[in-house]
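Peer 1: Numbering (my numbering), first residue to last: 1192 to 1572.
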Ligand SMILES: Cc1cc2nc3c(=O)[nH]c(=O)nc-3n(C[C@H](O)[C@H](O)[C@H](O)COP(=O)(O)OP(=O)(O)OC[C@H]3O[C@@H](n4cnc5c(N)ncnc54)[C@H](O)[C@@H]3O)c2cc1C
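(1) In the structure shown, what three-state DSSP assignment does residue 1345 receive?
(2) Please report how far the alpha carbon of residue 1521 lies from the alpha carbon of residue 1538, in whole angstroms.
(3) Could you give the first and the last residue of the continuous alpha helix (DSSP H) run that contains residue 1481?
(4) Assuming residue 1477 and residue 1511 form a contact by the criterion Cβ under 8 Å, report the distance between their Cβ atoms to the nearest whole angstrom.
(5) Which residue's Cα is closest to the Cα of residue 1281: 1231, 1298, 1305 and 1295?
(6) Start and end of the beta strand (DSSP E) containing residue 1393?
(7) Is there at least one non-hydrogen atom of ligand 1 closer than 7 Å to the beta-carbon of residue 1303?
(8) For residue 1267 and residue 1565, I'd like the C-alpha separation in whole angstroms.
(9) Less than 8 Å between the beta carbons of residue 1226 and residue 1347, yes or no?
(10) Locate the alpha helix (DSSP H) running through residue 1447, then write down its first and last residues.
(11) Go ahead and label residue 1290 buried or exposed: buried means 16 or more other beta carbons lie within 10 angstroms of its beta carbon, across all protein chains shown.
(12) Please list the terminal residues of the continuous alpha helix (DSSP H) segment that includes residue 1315.
(13) What are the residues that DSSP puts in a beta bridge with residue 1363?
(14) Just to confirm the assignment, what range does the alpha helix (DSSP H) spanning residue 1519 have?
(15) For residue 1198, does the three-state DSSP call read helix, strand or coil?
(16) Between the Cα of residue 1599 and the Cα atoms of 1429, 1556 and 1516, which residue gives the shortest distance?
(17) Using C-beta distances below 6 Å, list every residue in its chain close to residue 1264, excluding the 5 sequence neighbours before and after it, in chain order.
(18) How close, in whole Å, do the beta carbons of residue 1314 and residue 1243 come, if the pair is a contact with beta carbons under 8 Å?
(19) Indicate, with yes or no, if ligand 1 has a heavy atom lying under 7 Å from the CB of residue 1290.
(20) Just grab the DSSP bridge partners of residue 1338 for me.
(21) Considering just the uninterrupted stretch of the beta strand (DSSP E) at residue 1407, what are its terminal residues?
(22) How about residue 1428 and residue 1364: are their beta carbons less than 8 Å apart?
(23) Spell out a yes or no on whether the stretch 1348-1358 and the stretch 1318-1329 are touching, meaning 3 or more CB-CB pairs, one atom from each, closer than 8 Å.
(24) Looking at the secondary structure, which residues open and close the alpha helix (DSSP H) in which residue 1295 lies?
(25) For the stretch 1428-1445 against the stretch 1291-1303, are there 3 or more C-beta pairs whose distance is under 8 Å?
(26) Could you name the residues that DSSP lists as bridge partners for residue 1538?
(27) For residue 1211, which residues in the same chain have their Cβ closer than 7 Å to its Cβ, ignoring the five residues on either side in sequence?
(28) Mapping the DSSP letters down to three states, classify residue 1327 as helix, strand or coil.
(29) Considering only the alpha carbon of each residue, which of 1298, 1201, 1240 and 1559 lies closest to residue 1423?
(30) Could you tell me how far apart the beta carbons of residue 1523 and residue 1444 are, in whole angstroms, since I believe they sit closer than 8 Å?
(31) Going by DSSP in three states, residue 1532 sits in which element: helix, strand or coil?
(32) Examine ligand 2 and report whether any of its heavy atoms sits within less than 7 Å of the Cβ of residue 1330.
(33) In this structure, does DSSP put residue 1424 in helix, strand or coil?
(34) What would DSSP say about residue 1352, mapped onto helix, strand or coil?
(35) Determine the burial state of residue 1532: buried for a count of at least 16 other Cβ atoms within 10 Å of its Cβ, exposed for fewer.
(36) Can you give me the C-alpha to C-alpha distance between residue 1213 and residue 1413, rounded to a whole angstrom?
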C-alpha cells in the first residue's frame, strides 16, 4: 500500500502554497477574523475563488462535463487543507464545492446543473444553507417551514435560524415541508431558492464567531418556482442525507489546528513554557488528535475516490475533527494566558471557532448517536 502523495500532488500543493503566499493580502489574518460574513472578507472571497477557478483548481475534482478536470478527490483534499489552514479564503464558497455542487450533480435537472454548476465552478456565487429552525436543530426532521403548491410555484412560509452567510448569499439550499400532513422524514423537499425573491427577510444574530455570521431568515409568502425543486417532491430527506455526508468532512479543521499548533509551540518556546511537562504533553496530545482526524478524514476521501457509498466513517471523522479543534482552542488560551482573553486576539479567535465546532453540521452528541446506531449497531435505548 502506498501512503505517500504522488509527485504531481506534491507539485500541486507547492504551486498552491506559492499562490496563497502571493495572493493573500498582508492583513488577511485580521480580515479572516471577521468571519466569512464580514464585508472585507466576502468581497475578497469572490475575487479569490474566481482566481482559483481561472487556474482550474476550484472544482478540479468534478467531472469535465460539470466544469471540473476529472482530478481525484485527493486534489480537492489538498486544496481544502491548504485553504483551511490559512483561514479559508474561499469564504462561504467552500460549501459550494464541497457539498452543494455534488448534491446538485446527483439530484439536479439538466437546467439546474447548467445554471448552478457553471456558476459554482466559476467561483462567483454565494450560497447559504437553510436547514435549522427555531424548533428544529439536532432534530432536523421537526422542521415546519411550509411550501404550498400553487400551479408552477411553491408559496413558502417559515423561519430559518443560524443561517451562516445569508447576508451575502445569492441562493439558499432550503428545506421545506411540501406535504402539510406529513411528519418527520416524509414530505420534505429541497428548494434551490434565489435569495432576492420578495418575502425573504434577513436579520443578523450576534455571534461569537465573527460579525454578520449568523442570521434569521424569515420567509413570508415567498413564491419559489417549482423548477427550483431539487429531486422529487416530498423525498428531500434522501437529498439532505446525501448532502450531509459530504458536508461533514468538507472542512479539514485538523489542518487549521496543526498550523495553529506550530504557532503555539513557537510562542511557548519563546516564553520558556516548553520546560513545563504539562504543556509539552498537551501540545503532543493536540498534535495527535489533529493527526488522527486527518487520517480518519483520509479514510472517507479514499472511500469516495473508490466510488464507495457514504458510510458512518464521515461521522467518525467529524467527531475526531471536533476533538482536535477543541483541544487546540483550549491550549491556545492556556499558552497565551491573560493575552488570550483579549477579544479578537489569536488565542481568542481560535477558541471561539473551536467552541462552535461541536455544534455546526450536527452536534457531536448527535454524531455519536449516529455512530452508535449505524456503525456499531447498538440498540437505541
Ligand atoms: C458555526 C455554526 C454555523 C451554523 N450554520 C448553519 C447554517 O448555515 N444553516 C443552518 O441551517 N444551521 C446552521 N447552524 C446550526 C446548527 O446546525 C445547529 O446549531 C445544530 O444542528 C444544533 O441545533 P440547535 O442549535 O437547535 O441545538 P439543539 O438541537 O437544541 O441541541 C442543544 C444541545 O442538546 C444536545 N442534544 C440534542 N438532541 C440530543 C440527543 N438526541 N441526544 C444527545 N444530545 C442531544 C445537542 O448535542 C446540543 O449539545 C450552525 C451552527 C453553528 C454553530
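Glycine included, each C-beta is placed from N, C-alpha and C at the ideal position.
Peer 2: So, from the data block:
(1) strand
(2) Approximately 9 Å, taken between the alpha carbons.
(3) Secondary structure note for residue 1481: its alpha helix (DSSP H) is the uninterrupted segment 1468-1496.
(4) In fact, because the Cβ distance is near 13 Å, the residues do not count as touching under 8 Å.
(5) 1231
(6) Taken as a continuous stretch (DSSP letters only), the beta strand (DSSP E) holding residue 1393 covers 1391-1396.
(7) no
(8) 27 Å
(9) no
(10) 1444-1461
(11) buried
(12) That residue, residue 1315, is in no alpha helix (DSSP H); it is neither H nor E in DSSP.
(13) 1319 and 1384
(14) Counted as a single uninterrupted DSSP element, the alpha helix (DSSP H) harbouring residue 1519 occupies residues 1504-1527.
(15) DSSP places residue 1198 in the helix class (H, G or I) of the three-state scheme.
(16) The shown model of the chain, from 1192 to 1572, leaves out residue 1599, and the question about it has no answer.
(17) 1252, 1492, 1495 and 1496
(18) 6 Å
(19) Incorrect: residue 1290 has no Cβ contact closer than 7 Å to ligand 1.
(20) 1347
(21) 1405-1416
(22) Going by C-beta atoms, residue 1428 is not nearer than 8 Å to residue 1364.
(23) Three or more beta-carbon pairs separated by less than 8 Å link the stretch 1348-1358 to the stretch 1318-1329, which places the two stretches in contact.
(24) Note, residue 1295: alpha helix (DSSP H), 1292-1298.
(25) yes
(26) DSSP lists no partner for residue 1538.
(27) 1273 and 1277
(28) strand
(29) 1298
(30) Contact flag wrong, Cβ pair sits at about 14 Å.
(31) helix
(32) This structure lacks ligand 2; its bound ligands are ligand 1.
(33) coil
(34) coil
(35) Classification for residue 1532: exposed.
(36) Rounded to whole angstroms, the gap between the alpha carbons of residue 1213 and residue 1413 is 44 Å.
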